[in-house]
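Protein chains in written order, with our numbering: chain A, 1 to 146; chain B, 1001 to 1146.
Take a look at the structure below.
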């Protein structure tokens, strides 16, 4: 059974550039000029919380989360990985995986806090150039997950 | 082997009221007047990322994360659970588990964003009164985790 909720952005739109489409989840790349490599993992069904998933589904989503973190680390070479699952605005289970750098717009604050600086174009350019590799590696690494 | 880093707040201080002390992690309650029930899970060792943990350790920490989410849901009855692991300021693995309500200071934004309103004292009072139950249930539910 598939639960699709009218008016839920994550039920009705991809929510980003799809890097990998599984049967139960997808991984998308967010088009954010300040945060190249910002990925989201979106559960297919309109489920609210991690503890609403079956243990089997939760294990799948969690394993995918670590795989995405690992690929983002390898390709994007961030100072730190930030992980978050909120769903206050869109209560449809999704995870943010964000590569952070000491010179990025909000570091060391979370990306939802007040900006600290304008990022350096040259540093951003280098990171944007890594996205081609991110697309390839994400697809390869996730291909065994349904 | 235990890695303790001088100057790391999470290596050298509890980081909150300890609700449960395991051999490899602790769960603490954060003293935040706006966010009663805000818990953190802190890994004992000074490890940076989830993908730096062994698979066994990561599974333990993840299972504890879902247990803490479940207990916070049951006792605090939030509108939504927020989960996050940043470590930009303190790169020592820890998870935030935050019960969110439609009338809280930042809803629907993350708690690190600009405040939206002053919370209602009566609603906060009800939530603060639930903390005694949270202490008991957290201890009970986590007692099987080392």
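The C-beta atom is built at its ideal place from N, Cα and C for all residues, glycine as well.
task = Evaluate the contact criterion for the region 112-131 of chain A versus the region 1011-1029 of chain B: three or more CB pairs, one atom per stretch, below 8 Å.
result = With a cut-off of 8 Å, the region 1011-1029 of chain B and the region 112-131 of chain A do not count as touching, because too few Cβ pairs lie within range.
ask   = When DSSP builds the beta bridges, which residues end up paired with residue 1099 of chain B?
value = B:1081
query = Nearest to residue 1075 of chain B by alpha carbon, out of B:1058, B:1135, B:1087 and B:1111?
reply = B:1135
request  = Return the residues of the region 100-125 of chain A that lie within a Cβ-Cβ distance of less than 8 Å from chain B, sorted by chain order.
outcome  = Of all residues in the region 100-125 of chain A, 100, 107, 108, 109, 110, 112, 113 and 114 have a Cβ within less than 8 Å of some Cβ in chain B.
request  = Take every Cβ of the region 65-73 of chain A, pair it with every Cβ of the region 1085-1099 of chain B, and state whether three or more of those distances are shorter than 8 Å.
outcome  = no
message = Quick check: residue 79 of chain A and residue 1088 of chain B, are their CB atoms within less than 9 Å of each other?
response = Yes, they are a contact pair.
task = Take residue 108 of chain A as the anchor and find which of B:1140, B:1093, B:1145 and B:1086 has the nearest alpha-carbon.
result = B:1086
ask   = Between residue 15 of chain A and chain B, is there a C-beta pair that is closer than 9 Å?
value = no
ask   = Along the region 1063-1097 of chain B, what residues have a CB closer than 7 Å to any CB found in chain A?
value = 1066, 1069, 1070, 1073, 1080, 1081, 1082, 1083, 1084, 1085, 1086, 1087, 1088, 1089 and 1091
key: Cut-off 6 Å between Cβ atoms - residues of its own chain near residue 4 of chain A, not counting five sequence neighbours on either side   = Answer for residue 4 of chain A: 11, listed in chain order.
task = Could you have a look at residue 63 of chain A and say whether DSSP puts it in helix, strand or coil?
result = Three-state result, residue 63 of chain A: helix.
query = Can you tell which of B:1091, B:1040 and B:1063 has its C-alpha closest to the C-alpha of residue 1146 of chain B?
reply = B:1063
Between the CA atoms of residue 1054 of chain B and residue 33 of chain A - distance to the nearest angstrom = 34 Å
inquiry  = Measuring only the C-alpha atoms, how far is residue 1073 of chain B from residue 1081 of chain B?
reply    = Computed Cα separation, rounded: 7 Å.
Within chain B, the residues that residue 138 of chain A reaches when beta carbons sit closer than 8 Å = The contacting residues do not exist; residue 138 of chain A stays about 15 Å from chain B at best.
query = Does the beta-carbon of residue 1071 of chain B have 16 or more other beta-carbons within 10 angstroms, so that it is buried, or is it exposed?
reply = buried
message = Under 9 Å, Cβ to Cβ, is there at least one residue of chain B near residue 49 of chain A?
response = yes
message = Which same chain residues end up closer than 6 Å to residue 123 of chain A when comparing Cβ atoms and leaving out the 5 residues on each side of it in sequence?
response = 103
Residues bridged to residue 1010 of chain B [DSSP beta-bridge criterion] = BP columns for residue 1010 of chain B are empty, so no partner.
ask   = Just to confirm, are residue 1045 of chain B and residue 1093 of chain B a CB contact at a threshold of 9 Å?
value = In contact: residue 1045 of chain B and residue 1093 of chain B (Cβ atoms closer than 9 Å).
ask   = Considering only the beta carbon of each residue, do residue 1077 of chain B and residue 1141 of chain B sit closer than 9 Å?
value = Their beta carbons are not under 9 Å apart, which means residue 1077 of chain B does not touch residue 1141 of chain B by this criterion.
Enclosing alpha helix (DSSP H) for residue 141 of chain A [first to last residue] = 131-142
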